[in-house]
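Everything in the sequence shown is counted per this note's numbering, starting at 180 for the first residue and increasing by one.
Below is one structure, written out as structure tokens, with a few remarks after it.
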Amino acid sequence: RTGRPFIHLKLAATLDGRIATSRGDSRWVTGEPARLRAHQLRAEAGAVLVGAGTVRADDPLLTARGLAEEPPPIARVVLDPRLTISAGSRLVEDALDGPVLVFADKRSLDGRERELDARGVEVLGVPAADEGLDLRLVLEELGRRGIRGVLVEGGGETAARFVDARLADKLTLFYA
Numbered sequence: 180r181t182g183r184p185f186i187h188l189k190l191a192a193t194l195d196g197r198i199a200t201s202r203g204d205s206r207w208v209t210g211e212p213a214r215l216r217a218h219q220l221r222a223e224a225g226a227v228l229v230g231a232g233t234v235r236a237d238d239p240l241l242t243a244r245g246l247a248e249e250p251p252p253i254a255r256v257v258l259d260p261r262l263t264i265s266a267g268s269r270l271v272e273d274a275l276d277g278p279v280l281v282f283a284d285k286r287s288l289d290g291r292e293r294e295l296d297a298r299g300v301e302v303l304g305v306p307a308a309d310e311g312l313d314l315r316l317v318l319e320e321l322g323r324r325g326i327r328g329v330l331v332e333g334g335g336e337t338a339a340r341f342v343d344a345r346l347a348d349k350l351t352l353f354y355a
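Here it is in structure tokens:
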């Protein structure tokens, strides 16, 4: 009805409510069973979305791995208002193996996007909102591309923006 994909927000937290370890590492808050389930959720959604902070901190691939059956390609989406993603990140280096979309503030597009484009990353300029990018416009663009579901795996800031905007349709929380 909305033209936007279904948004499934996934967070992992320690028992004391933190989404990162005491050293700031958010990659391994949970154990292997929870990580396998997260990969299943990625495959089910068809797209996974994170913020630029997660890309900088964790250098993720955002693929679905370790599953019994090979899933279809998963669209990997990054909200990066200032277009800070490194051309040397694992996500960029793996862009030819599955779609990578980077949404940036259209005012930040100053030529840096050409290098990413040459490596297979599609950079899309969208207007900024009060706190970051206009999430509704991002989701409408994903919907236009036929993406029906998005697993939001971003950190606290990205998760809070989706909740505050009332865009999260489902929440899954893993406790360590």
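Ideal Cβ positions, reconstructed from N, Cα and C, are used throughout, including at glycine.
field: Coarse secondary structure for S205, derived from DSSP in three states
entry: The predicted model places S205 with a pLDDT of 48, which falls under 50 and marks its position as unreliable; any figure quoted below should be read in that light. In the structure shown, S205 sits in coil (DSSP, three-state: anything other than H, G, I, E or B).
query: Tell me which same chain residues have a C-beta within less than 7 Å of the C-beta of R340, skipping the five on either side of it?
result: E310, G311 and L314
query: Relative to the C-alpha of V227, which residue among L288, V279, F353 and R291 is closest?
result: V279
- prompt: Are L316 and V305 touching if we call contact CB-CB under 8 Å?
  reply: yes
field: Closer than 8 Å to chain D by CB, A226
entry: Any reference to chain D falls outside this structure, which holds one protein chain only.
query: Touching or not, the stretch 231-244 and the stretch 261-270, by the rule of three or more beta carbon pairs under 8 Å?
result: yes
message: If you measure between the beta carbons of I253 and G290, is that distance less than 8 Å?
response: no
message: With distance defined between alpha-carbon atoms, name the residue in Q219, L288, A266 and A222 nearest to A297.
response: A266
task: Pull up the CB-CB distance for L330 and R216, whole angstroms please, since I reckon it's below 8 Å.
output: 11 Å between Cβ atoms; not a contact.
message: I need the boundaries of the alpha helix (DSSP H) containing A236, first residue and last residue.
response: A231 to D237
query: For the alpha helix (DSSP H) that contains A347, what are its first and last residues?
result: No alpha helix (DSSP H) holds A347; DSSP gives it neither H nor E.
- request: Please classify R345: is it buried, with 16 or more other beta-carbons within 10 angstroms of its beta-carbon, or exposed?
  value: exposed
message: Buried or exposed for L275, going by 16 or more other Cβ atoms inside 10 Å?
response: exposed
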